[in-house]
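J.:
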Amino acid sequence: MKIIKIVCALALLGSTVSGCKKALDTAPNNAITDAVSFATADRCLLVLNGVYDAAQSGFYAGSYSANRGYPFGSANIEQGDARGEDVVNLAAFYQITYQATYNPTTANNLNMWATLYALINRANVGIDGFSKASGGVLTPAVASQYVAECRFLRAMAHHEALINFARPYRDNNGQSLGVPWRDFPVTSGVAVDQVRTSPRMRVDSVYKKILADLDFAEANLPAATNVIRATKGAAIALKMRVKLHMGDWAGVIAEGAKLVPATVAPLTPTSVVSPIGAYALTASPDGPFASNTSAEAIFSIRNDALDNPGTNAALSRIYGSVTAGGRGLVAISPIIWNNAGWRCDDRRRTLLYQTGSNVNTTQSIFTNKYRDYTGWGDYAPQIRYAEVLLTLAEAEARNASGVSARAVDLLNVVRNRSMVTPATSQYTVASFATGVDLVKAILLERRIEFLAEGKRWGDIHRNAPDANYTTGGIPAKAVNGAAGLSIYNCGAGYTPGQAAIPYSDYRFIWPISSDEISQNPVVVQNPNY
Amino acid sequence: MHMRKFLCLSVVLTLLSLSSWAQRAITGRVTDDQNNPLANVTVMVKGTSVGTVTNDNGHYSLTVPAGGRVLVFSYTDRETKEVAIGSQSAVNASLTSTASSLESVVVVGYGVQQKKSFTGSASHIDTKQFSTLITSSVDKQLAGRATGVQVTNSGGLANTPARIRIRGINSINSNLDPLIVVDGVPVISGNLAGATNSNAIGDINPDDIESIDVLKDGSSTAIYGSRGANGVILITTKKGDKNGRARVAYDVTYGYSNVLKRFDLLNAQQFITIANEKFTNANLTPKAVADPAGVNTDWQKEVLVNNAPVQMHTLSVSGGNTKTSYYMSLNFSNTQGVVFSNKNRSYRARLNLDHEVNKFVRVGNYITLSRQEDYDQNNGSNSLGGAISASLRLLPNVSPYNAANPTGYNILYPTGGNSMGLGSNLQSIDDNWFNVAFTLHNNKAYSDKYRIIDNAYIEVSPIKGLKLRSQASADFLNDMSFTSWDPRHGDGGGSTNGLVDNYNGNRLRYVWQNYFNYNLSIAGAHNIFVTGGHEVQKTNVRFSEASGQNISDIFFVKENLITNSATIQSVGGNYSQEGFESLFGRLNYDYKNRYFIQGSIRRDGQSSLAPDKRYGVFPGASVGWRISEEKFWQNGLSKIVNEAKLKASYAKVGNPLTGFPYLSTYSSFPYGNIGGIAQNNVGNPDLQWETSKKYDIGAEISFLRSRFTLTFDWFKNDIDNLVLAVPTPPSAGVPNNSINQNIGSMENKGIEVAVNANIIQGKKFNWVLNANYSQVHNKITSLYSVGGTPVPYIVRGSYNILRVGDPIDIIYGYRYAGVNASNGNPVYINAAGKYVQQSIPSGNYNLIEGKNGTTVGASSPLAFSDKTNLGNPTPVWFGAVTNTFSYANLSLEVMFRYSGGNKIMNITRQEALFSQSFHNNGTEILGRWMSAGQETDIPRLYYGQSANINQTNNAISRFVEKGDYLRLQNVVLSYSLNNKTMERFSNGYIHSLRIFAQGQNLHVWTKYKGADPDNISSQGLDAAVSPQVRTISFGLNVGF
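Protein chains in written order, with the numbering used here: chain C, 1 to 529; chain W, 1 to 1040.
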């Protein structure tokens, strides 16, 4: 009897023990393992889109869910403006950037650094995967196009890093300390160790690699327009920008010849059409902002109502007045608004700027370039045709011995569309006593045309070592929070209250993230941080 | 009387002298210590197999064979008693409950053990100590109850779980919470809801809990193997007594809560002075203007409520007969938080049923049904709509209300943007902080949770001493959360134009345990207790979420997401699974209750590790010696020290991982609305368990027949293989800038002392003192290396770092020297020990000679290398002292709790109370520097320069304060009506009655300047936390 009881009991126990191994047999349901992430052509395309996503919304403060538009979804634009003098910071968001009080742990610098390299690594992972898939799940043509798109983004990210964290190319001809160049996928601890052996390269070496990427991109990208993807036109246009930073005027002109006809008709700006991609200026200066995909847009980063930099970074939130539906955090500065070189009847003043209340419910002038006040889905414009034209104009002007007629024409193409009576107000060769005056006019036109598009810092940075065009460093600015319509007076000039910071000051370039310094001994900090 | 005793004695002696024992009948009655009959008590004649059980009235009759001299009375959960028969024909016995007995048992993993033979370290918490206290869940009442158990209730919200750390912080990145086991089954715990704070342990009605045992050392937690690192809390719920009598109890408590301490904020007049000084110093026009109507708003009044009502009701029925016992209860509790939109409502029911089918088989089922409704609000410390953070900043000269506005609130609706009205000021509040009166009344954060925990078992006893048990449990938690933001103002205002979010999540955990317990006693000297078995656990977690923005009409934001009412719609969701599979065994052996040895081993498999790294083996062992059982002791010494036990233990336990950190994976990263995937984790296939080697040496000593008891433990916990998200250089571009690795080690060392003293044991007056003290020192002993060089530190957010040789997460920042009396600028001390002054408007740092130096020297920016250790954020010592006085039926319990040795980084002061924006401030700012020569620690005011003046996002010694405190935790005054009196008054209908009045969290003595030294995060940060709550309540317990 007792035996039977024991047997029964053991049987009960035994039957339950078996068949439970399944408890451990489980795998992620929300993520695809690396073994199969490039397994089909469709998945390869998903990976490529994921690289663009890194350009649009890198992680902020360690979280992917906090989309703050790093690096190119909005942050490069907002930071690029806040580092310059043509906007006024009204709230705490960009105050540190605006006042240059950053240190190696400041969130903006830290996140810009981290998300640029996160984009670079996603691009490198993509390049590796697409190359391996070439001839298999991807045709060689598609594979090289995908690789070219990744290399375009890789180049753009490294260039942005140079602009923020290194001295300009034209300081000591690129021999200053640049940024690390990354061109292999980091998907394991071993690869991380490899990262720890590659220090910051010299500025000129990084530029060389950027150009190699862009040459490859140009050769392998489709010519057809696609605003939110890299294209042949975008690669050429970015190369123009990069060469402009290098002071390679002939190089800019050579690239420009691919996108700009040899002769232009300044009085009919829309008639200037790019042979590649058919890019052209829109008739009205607000055309590129009325639509995310105008003929003028060469490359933009996509945002939309479902995936955007959010209330703390979306372009319309930051730049839009409270009255219009934004938060009124960054206003136009009286420094540019009151600049005598910006005609009071310029159509841009009314089409792209408006008064409205700011974050403090007083009044300021704001841009309305970014207009999706409900969905916050404005694309982040990175390259538009106006930049190609003005970049080429500047190179032609600088490359010529006197006053370049072609440069004047190209400047007029952009400026004339904003003039009420272009025929009488347009520039002529006689308007400029010297080529330097012409270049100055082009640089001012860039400030006006690209106001609130984040291009200001790039120009300050590249021209800082140039005696003719330098701002001397970080220019003087309106004091933080300066507001009230009384400060805005067309043509009256403005005396900034926030002192300039000389080019020689350590704050001209950003500190390298403290995380980088502590994790990667071969990367050295910028001086004095 | 004496005569009768004498006669009896004579008879006995006479009988003894006859000394011829024959078979005879004995009868008797067995009762509990309150003279209630006990049914089903086993009565055995010692040394024989003759025995019987008592009937429903507690009576038994037995024929004792010749030679039978002693009767043994035994009954589950009660002390076994041996009574000499002598010459009596009637032998009565009274069995005291083990819970109140010194000879009590300890609940251990997969069984119970005699306390005297337990050689691990555990604290038994008698829930009677806090059974009447107002609490929404039991975890909040554990503070101060046990040595080594540090409990922090950060803030006064009604629905946040307490933070429990057993013997220190035992991990850096992995789980820190103890394993919580209810009636043998690990249950889902934590802060779980989608839209509100919510406490999963709140589903267990505190009134249903019989006892709590906290397993602390390695040898007692080793049976839980990979989940033992953070200690184990074993909760045992009430069962019915098999004494045949149904007991009905009704417990009710009503009370009121108030804020223990509010922030001292500027009034309207003071605010205008300070705000305008900020502007004037910055060469700006003053913008604060007194309201002609004399508006002086106390924004804390708009957020906090006075006399927040709290009530708890439990009705329970328990009882049983010889075969079946049951306990069932119904509970309702309603806790209004002090933030008026914060509330917890719980509805809980339980049925515990045990049935003995026959001597061979026993079955039972314990079921818990619970519904918890949580109401919450935006609690963000930096959110523009954060209840507390906004109340600190909103302008006191602006009214919350405006009768002229269609909403009745002072907001710029319908035109003027998503801002507050200006009042008489020339601008509205900076950064657009929301009118919190509006948002708290019109936004909603609600979570409705349903929980079923069912726990069924079958137990088979094939031979004496052996029990085989199969126990299956399902723990199901469903959460339906709803968030609604009003489109007119606040978080949902402006272009968001209203937001609704529905979240539906559910968790299901199965646990199936099959194990045996075997008790064997050989020749009364060798006692063996063996446990062994198998356990599987699987947890599935899933949720789906849908939300809409830009709602067509405010009508559609009220109660739920409504189809087609939102023009911007988004959905989300997830599904994950996790499993454990384990084999475990334990052997206890003792020789004559004198020498003890115990060994246990567990082999755990976990799904979060790579298949070839999945299993870990966790052994533990302990020894004990009851010196007081030795012969030499019992000659005299035992009269003073009646019990002395020494013990030592060692074990290796683990801490499990979550998710799939070993895999490299790609998850969804859309580009706008274009689908995309990208690496979200770089996996490490070599990842293993975190291991804790736990050492413990302890002593338990009782004096004067256990009138005084002292327990002492020394412990050390060596934690190795810490799973660190080892930072990768950001320029590697790895997701999250880290790869998980088993690297780094840490130790916790400390002592625990507990004293229990029956200081006065009178006939009517009693005084019991209960005190405990714990000390835990944490130290990081190694971290990872970069290129062969150990990293000097790991940055943990803005205020803390990890550094070898220091405790975890030390507060790391700049040393503040004070204010330069000549110009009002803040002055710091850099790494070289030099004074560095920061110019307020420019932010430039320059060397100065002396704190009050007037000559500005070379530029010398403060760098990370100028930061230094500003203190340990974790309390080092803590404990409690409880005095219980009773006089006849009146009882008074007073509990003090203390804690300290830690530093707090007071971010609330740094960011809100000293803000330099157009915000309100704390009254402390009135002491700011105003004129040359003035000595103060508060720099000159300057509009817009918070970052320069207060070093926002950096720790500085100016805002780092001591966290030491003494807290008057509870005072409970109760009066029990004598049972007999009660029964007489009520014709026997009412069995017992107790009435009480109590105060909880009555006062804190501390030098900490913040709202409360308990309002800290695990990293010692205080950032605009909801204030602590003081509760006064009254109640009664009626037994029928």
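We put the beta carbon where it would ideally sit given N, CA and C, even for glycine. Because the structure is a prediction, the values reported are computed rather than measured.
For a contact defined as C-beta to C-beta under 8 Å, what are the partners of residue 182 (chain C) on chain W?
T.: Against the first sequence, residue 182 (chain C) aligns to sequence position 182. 731, 732, 733, listed in chain order.
J.: Can you pull the chain W neighbours of residue 374 (chain C), defined as C-beta to C-beta under 9 Å?
T.: In the first sequence, counting from the first residue as 1, residue 374 (chain C) sits at position 374. Those within 9 Å of residue 374 (chain C) in chain W are 495, 496, 497, 549, 550, 567, 568.
J.: Quick check: the Cα distance between residue 919 (chain W) and residue 429 (chain W), rounded to an integer number of angstroms?
T.: By 1-based counting over the second sequence, the position of residue 919 (chain W) is 919. By 1-based counting over the second sequence, the position of residue 429 (chain W) is 429. Cα-Cα distance, rounded: 6 Å.
J.: Checking 9 Å against the spacing of the C-beta atoms, do residue 195 (chain W) and residue 483 (chain W) come in under that value?
T.: The residue you call residue 195 (chain W) lines up with position 195 of the second sequence. The residue you call residue 483 (chain W) lines up with position 483 of the second sequence. Yes, these two residues count as a Cβ contact at 9 Å.
J.: Buried or exposed: residue 566 (chain W), going by 16 or more other Cβ atoms within 10 Å of its Cβ?
T.: On the second sequence, position 566 is the one that residue 566 (chain W) refers to. Per the 10 Å Cβ criterion, buried.
J.: Going by C-alpha to C-alpha distance, which of C:59, C:67, C:138, C:100 sits closest to residue 122 (chain C)?
T.: Walking along the first sequence from the start, residue 122 (chain C) turns up at place 122. Nearest option by C-alpha distance: C:59.
J.: Say whether the stretch 393 to 411 of chain C touches the stretch 374 to 384 of chain C, bearing in mind that this needs 3 or more beta-carbon pairs closer than 8 Å, one atom from each stretch.
T.: No, the stretch 393 to 411 of chain C is not in contact with the stretch 374 to 384 of chain C.
J.: Which one of W:462, W:488, W:930, W:341 has the shortest CA to CA distance from residue 407 (chain W)?
T.: Position 407 of the second sequence, counted from the first residue, corresponds to residue 407 (chain W). It is W:488 whose Cα lies nearest to the Cα of residue 407 (chain W).
J.: Tell me whether residue 387 (chain C) sits in a helix, a strand or coil according to DSSP, three-state version.
T.: Here residue 387 (chain C) refers to the residue found at position 387 of the first sequence. Of the three classes helix, strand and coil, the one that applies to residue 387 (chain C) here is helix, per DSSP.
J.: Alpha carbon to alpha carbon, what distance is there between residue 113 (chain W) and residue 647 (chain W)?
T.: As a position in the second sequence, residue 647 (chain W) is number 647, starting the count at 1. As a position in the second sequence, residue 113 (chain W) is number 113, starting the count at 1. When rounded, the distance between both Cα atoms is 16 Å.
J.: Cα separation between residue 398 (chain W) and residue 288 (chain W)?
T.: For the purposes of this step, residue 398 (chain W) is taken as residue 398 along the second sequence, with counting starting at 1. For the purposes of this step, residue 288 (chain W) is taken as residue 288 along the second sequence, with counting starting at 1. Roughly 10 Å separates the two Cα atoms.
J.: Might you give, ordered along the chain, the residues of its own chain that have their beta carbon closer than 6 Å to the beta carbon of residue 146 (chain C), omitting 5 neighbours on each side?
T.: For the purposes of this step, residue 146 (chain C) is taken as the residue at position 146 of the first sequence. Cβ within range, chain order: 48, 130.
J.: How would you write the range of the alpha helix (DSSP H) that residue 371 (chain C) sits in, first residue to last?
T.: On the first sequence, residue 371 (chain C) is found 371 positions in, with the first residue counted as 1. It is not in any alpha helix (DSSP H) - residue 371 (chain C) carries neither H nor E in the DSSP assignment.
J.: With DSSP as the reference, please indicate the residues paired to residue 712 (chain W) in a beta bridge.
T.: On the second sequence, residue 712 (chain W) is found 712 positions in, with the first residue counted as 1. Paired residue(s): W:699, W:753.
J.: List, in chain order, every chain C residue whose beta-carbon is nearer than 8 Å to that of residue 422 (chain W).
T.: Translated into the one-based positions of the second sequence, residue 422 (chain W) becomes position 422. Chain C residues near residue 422 (chain W): 361.
J.: Go ahead and label residue 94 (chain C) buried or exposed: buried means 16 or more other beta carbons lie within 10 angstroms of its beta carbon, across all protein chains shown.
T.: Indexing the first sequence from 1 puts residue 94 (chain C) at position 94. Residue 94 (chain C) should be labelled buried.
J.: So, at 8 Å on beta carbons, what are the nonlocal neighbours of residue 304 (chain C) in its own chain, with the 5 sequence-adjacent residues on each side left out?
T.: Walking along the first sequence from the start, residue 304 (chain C) turns up at place 304. Only 375, 377 meet the Cβ criterion.
J.: What residue range does the beta strand (DSSP E) around residue 450 (chain W) cover?
T.: The residue given as residue 450 (chain W) occupies position 450 in the second sequence. First-last of the beta strand (DSSP E) with residue 450 (chain W): 444 to 460.
J.: Residues of the stretch 118 to 143 of chain C with a CB closer than 8 Å to any CB of chain W: list them in chain order, please.
T.: Residues passing the 8 Å Cβ filter: 118, 119, 120, 121, 122, 124, 125.
J.: Counting only the same chain and skipping the five closest in sequence on each side, list residues whose C-beta sits under 6 Å from that of residue 102 (chain W).
T.: Here residue 102 (chain W) is taken as the residue at index 102 of the second sequence, counted from 1. In this prediction, residue 102 (chain W) scores a pLDDT of 39, lower than 50, which makes its location untrustworthy; the coordinate-derived value is nonetheless stated afterwards. So the list reads 706, once near-sequence residues are dropped.
J.: Do three or more CB pairs link the stretch 716 to 733 of chain W to the stretch 506 to 519 of chain C at distances below 8 Å?
T.: A contact exists between the stretch 716 to 733 of chain W and the stretch 506 to 519 of chain C.
J.: Closest by CA to residue 371 (chain W), which one among W:344, W:524, W:393, W:365?
T.: Sequence index remark: in the second sequence, residue 371 (chain W) carries index 371 (1-based). Cα-wise, what sits closest to residue 371 (chain W) is W:344.
J.: Taking Cβ to Cβ, would you say residue 247 (chain W) is nearer than 9 Å to residue 318 (chain W)?
T.: Mapped onto the second sequence, residue 247 (chain W) falls at position 247. Mapped onto the second sequence, residue 318 (chain W) falls at position 318. Result yes, Cβ atoms of residue 247 (chain W) and residue 318 (chain W) sit closer than 9 Å.
J.: On the three-state DSSP scale, how would you describe residue 296 (chain C)?
T.: Here residue 296 (chain C) refers to the residue found at position 296 of the first sequence. Reduced to three states, the DSSP call for residue 296 (chain C) is coil.
J.: Just to confirm the assignment: which complete alpha helix (DSSP H) runs, minimum length 4, are found wholly within the stretch 577 to 662 of chain W?
T.: Fully enclosed alpha helix (DSSP H) runs of 4 or longer: 631 to 634, 637 to 640.
J.: Sorted by chain position, which residues of the same chain lie with C-beta nearer than 7 Å to residue 738 (chain W)'s C-beta, five sequence neighbours on each side aside?
T.: The residue labelled residue 738 (chain W) in the question sits at position 738 within the second sequence. Within the same chain, residue 738 (chain W) has close Cβ partners 725, 726, 727, 728.
J.: Between residue 236 (chain C) and residue 214 (chain C), is the Cβ-Cβ spacing less than 9 Å?
T.: Looking up residue 236 (chain C) in the first sequence gives position 236. Looking up residue 214 (chain C) in the first sequence gives position 214. In this structure, residue 214 (chain C) lies closer than 9 Å to residue 236 (chain C) by Cβ.
J.: Closer than 8 Å: is that where the CB of residue 344 (chain W) sits relative to any heavy atom of the ligand ADP?
T.: No copy of the ligand ADP occurs in the structure displayed, which carries no ligand at all.
J.: Spatial neighbours of residue 975 (chain W) within its chain, please: C-beta separation below 8 Å, excluding the five flanking residues on both sides.
T.: By one-based count along the second sequence, residue 975 (chain W) stands at place 975. 889, 890, 891, 994, 995, 996.
J.: Using the C-alpha atoms, what's the distance from residue 53 (chain W) back to residue 66 (chain W)?
T.: Here the question's residue 66 (chain W) lines up with position 66 in the second sequence. Here the question's residue 53 (chain W) lines up with position 53 in the second sequence. Cα-Cα distance, rounded: 20 Å.
J.: When you check each C-beta in the stretch 942 to 960 of chain W against every C-beta of chain C, which residues fall closer than 9 Å?
T.: Within the stretch 942 to 960 of chain W, the residues whose Cβ lies closer than 9 Å to some Cβ of chain C are 943, 944, 945, 946, 947, 948, 952, 953, 954, listed in chain order.
J.: Could you round the C-beta distance between residue 302 (chain C) and residue 228 (chain C) to whole angstroms and report it? I think they count as a contact, below 8 Å.
T.: The count along the first sequence starts at 1 and reaches residue 302 (chain C) at position 302. The count along the first sequence starts at 1 and reaches residue 228 (chain C) at position 228. Yes, residue 302 (chain C) and residue 228 (chain C) are in contact; Cβ-Cβ is about 4 Å, under 8 Å.
J.: Within the 9 Å Cβ cut-off, does residue 426 (chain W) reach chain C?
T.: As a first step, residue 426 (chain W) is located in the second sequence; it is residue number 426 there, counting from the start. Yes, contact with chain C.
J.: Helix or strand or just coil, what does DSSP make of residue 331 (chain C)?
T.: Locating residue 331 (chain C) in the first sequence gives position 331, where the first residue counts as 1. Residue 331 (chain C) falls in the strand class under three-state DSSP.
J.: Count the other CB atoms, across all protein chains shown, that sit within 10 Å of the CB of residue 485 (chain C); report buried if there are 16 or more and exposed otherwise.
T.: Position 485 of the first sequence, counting from 1, holds the residue named residue 485 (chain C). Answer is exposed; the Cβ neighbour count stays below 16.
J.: Please report the straight-line C-alpha distance between residue 368 (chain W) and residue 240 (chain W), rounded to a whole angstrom.
T.: Within the second sequence, the letter at position 368 stands for residue 368 (chain W). Within the second sequence, the letter at position 240 stands for residue 240 (chain W). Their backbone Cα atoms lie some 16 Å apart in a straight line.
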